[in-house]
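Down below is the structure, laid out as structure tokens.
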Amino acid sequence: MKAAFNLLVALFGMWLLWSGHYTPLLVSIGLVSCLGVVLLCQRMGIVDREALPLDLTWRTLRYIPWLALEVVKSNLDLARRVLSPRMPISPQLIELQATQKTDLGLVTLANSITLTPSTVTIEATSDGRLVVHALASDIAEDLLKGEMDRRVTRVEGSVAGTMENTA
Amino acid sequence: MPGALDILSWACLLAGSFFALVSSLAMLRLPDFYSRVHGASISDTMGAGLILLGLVFQAGLSLVTVKLGLVLMFLVITGPTSSHTLAKAAYRLGLDPQLRSKEENASSQN
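Protein chains in written order, with the working numbering: chain A, 20 to 186; chain B, 5 to 114.
In structure tokens:
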């Protein structure tokens, strides 16, 4: 019930941001549609903590700036490699053991790796092994040092115990 | 006389376009399927990010800025998802990546 209420608040907040029309009629129509969506989600049985992990939000907010900086750094690095006439690349396929306990954490790590240019996650298994394609050996070594993995695990934090891996 | 915000906005738009161009160049220059996926993700992140930032400076503090932020958020989620799906499909169908160790790379350059 609490999850459904949170979902309603989140959806309606989103509706208000998207619409920009604040007449009583339109706002109430918006509210009714949000209610409808929550009811549908409830019937489909997808209203749970994983659908709206509010308790993760704060730690995620601290992770995002770090990730953004990493993305910018690797963009500059990749642009430099591509523009240099000799194109110093040495593509690698590496295997990485992730330490996250939940599916959500694993997806966060795999997506963070893929979002960063010059590393793409190719395969992920439920026991946390990731197959990653990296564009150069020093990029691969950087990734294998595991700082991203540690940071994502920290974001996951104490939730791990209550949202065990179901796969 | 353009204001400081306009100049900042133009700088972001130009830089974003530059990275989109680099991304296309990367698609052409990189040797195989998997490395070209890396090239495409430049325009997903840096290209789109800088262009959206430039547009934010045009829009100022308004609902439009909120929407631009949400557009960036969706791009940040869908970009890697499609890159991963492409790479995974190719890998599953048995397309082998061209791999090179550091040593071979150095010798091929001499």
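A virtual CB, placed ideally from N, CA and C, is assigned to each residue, including glycine.
* **Selection from A:Val101, A:Arg81, A:Phe24, A:Val46 that minimises the alpha carbon distance to Pro35 (chain B)** => Looking from the CA of Pro35 (chain B), the closest CA among A:Val101, A:Arg81, A:Phe24, A:Val46 belongs to A:Val101.
* Just grab the DSSP bridge partners of Val150 (chain A) for me. => Answer by DSSP bridge pairing, in chain order: A:Glu114, A:Glu142.
* Asked: If you draw a straight line from the alpha carbon of Glu142 (chain A) to that of His40 (chain A), how long is it in whole angstroms?
  -> Roughly 44 Å between the two C-alpha positions.
* Mind checking whether Leu54 (chain B) and Phe23 (chain B) have CB atoms under 8 Å apart? -> It is a contact, given that the beta carbons lie within the stated cut-off.
* May I ask you to report which of helix, strand or coil DSSP gives Tyr38 (chain B)? => In the structure shown, Tyr38 (chain B) falls within a helical segment according to DSSP collapsed to helix, strand and coil.
* To do: Look up Ser45 (chain B) in the DSSP assignment and say whether it is helix, strand or coil.
  => Under the three-state reduction of DSSP output, Ser45 (chain B) falls in the helix class.
* Asked: Whose C-alpha, out of A:Thr172, A:Lys21, A:Thr42, is nearest the C-alpha of Lys120 (chain A)?
  -> The shortest C-alpha separation from Lys120 (chain A) is found at A:Thr172.
* Should Val41 (chain B) and Val139 (chain A) be called a contact, given that it needs their Cβ atoms to be closer than 8 Å? -> Yes. Within cutoff.
* To do: Measuring alpha carbon to alpha carbon, tell me which of B:Thr69, B:Ser66, B:Ala44 ends up nearest Ser86 (chain B).
  => Answer by Cα proximity: B:Ala44.
* **Proximity below 8 Å, CB of Leu154 (chain A) to CB of Ser39 (chain B)** => Yes; because the gap between Cβ atoms is below 8 Å, this pair is in contact.
* Residues of the stretch 139 to 168 of chain A with a CB closer than 9 Å to any CB of chain B: list them in chain order, please. => Within the stretch 139 to 168 of chain A, the residues whose Cβ lies closer than 9 Å to any Cβ of chain B are, in chain order, Val139, Thr140, Ile141, Glu142, Ala143, Val150, His152, Ala153, Leu154, Ala155, Ser156, Asp157.
* **Beta carbon proximity, Ala117 (chain A) to chain B, threshold 8 Å** => By this cut-off, Ala117 (chain A) is not an interface position.
* Which word fits Gly64 (chain B), buried or exposed, when buried means at least 16 other C-beta atoms lie within 10 angstroms of its C-beta? -> Exposed, because fewer than 16 other Cβ atoms sit within 10 Å of the Cβ of Gly64 (chain B).
* **Nearest-angstrom Cβ-Cβ length linking Val202 (chain A) and Thr49 (chain B), presumed shorter than 8 Å** => Since the first residue shown for chain A is 20 and the last is 186, residue 202 (chain A) is missing from the structure and cannot be characterised.
* To do: Please name the residues in the stretch 80 to 101 of chain B whose beta-carbon is closer than 8 Å to at least one beta-carbon of chain A, in chain order.
  => Residues of the stretch 80 to 101 of chain B with a C-beta atom less than 8 Å from some C-beta of chain A are Val80, Ile81, Gly83, Pro84, Thr85, Ser87, His88, Ala91, Lys92, Tyr95, Pro101, listed in chain order.
* Residue environment, Met167 (chain A), which counts as buried when at least 16 other CB atoms sit within 10 Å -> Buried, by the Cβ-count rule.
* Asked: With a cut-off of 8 Å, does the C-beta of Phe61 (chain B) fall near any C-beta of chain A?
  -> With a threshold of 8 Å between beta carbons, Phe61 (chain B) makes no contact with chain A.
* To do: Select from the stretch 15 to 35 of chain B all residues with a C-beta closer than 9 Å to any C-beta belonging to chain A, and list them in chain order.
  => For the stretch 15 to 35 of chain B, which is checked against every Cβ of chain A, the residues closer than 9 Å are Phe22, Phe23, Val26, Ser27, Leu29, Ala30, Arg33, Leu34, Pro35.
* Applying a beta-carbon distance threshold of less than 7 Å, which residues of chain A neighbour Arg104 (chain B)? -> Those within 7 Å of Arg104 (chain B) in chain A are Ser109, Pro110.
* Distance, Phe31 (chain A) Cα to Val126 (chain A) Cα -> Just so you know, the alpha carbons of Val126 (chain A) and Phe31 (chain A) end up roughly 27 Å apart.
* To do: Can you say whether Ser93 (chain A) is buried or exposed, counting buried as having 16 or more other CB atoms within 10 angstroms of its CB?
  => Ser93 (chain A) should be labelled buried.
* Answer yes or no: do Ala23 (chain A) and Val51 (chain A) have a C-beta to C-beta separation smaller than 8 Å? => At the C-beta level, Ala23 (chain A) and Val51 (chain A) stay beyond 8 Å of one another.
* To do: Return no unless some Cβ of chain A is closer than 8 Å to the Cβ of Leu56 (chain B).
  => It does not; no Cβ of chain A falls within 8 Å.
* Should Leu95 (chain A) and His152 (chain A) be called a contact, given that it needs their Cβ atoms to be closer than 8 Å? -> No. Outside cutoff.
* Asked: Which same chain residues, not among the five before or five after Cys16 (chain B), have their C-beta less than 6 Å away from its C-beta?
  -> Excluding sequence neighbours, Cys16 (chain B) sits near Leu54, Leu57, Gly58.
* To do: Could you pull the start and end residues of the alpha helix (DSSP H) that Thr82 (chain B) belongs to?
  => Start and end: 67 to 96.
* What three-state label does DSSP hand Ile65 (chain A) in the structure shown? -> Three-state result, Ile65 (chain A): coil.
* To do: Compare the beta carbon distance of Leu36 (chain A) and Val70 (chain B) with 8 Å and say whether it is the shorter of the two.
  => Contact flag set, yes.
* List the residues of chain B whose Cβ lies closer than 7 Å to the Cβ of Pro136 (chain A), in chain order. => Within chain B, the residues near Pro136 (chain A) are His42, Ser45, Ile46, Thr49.
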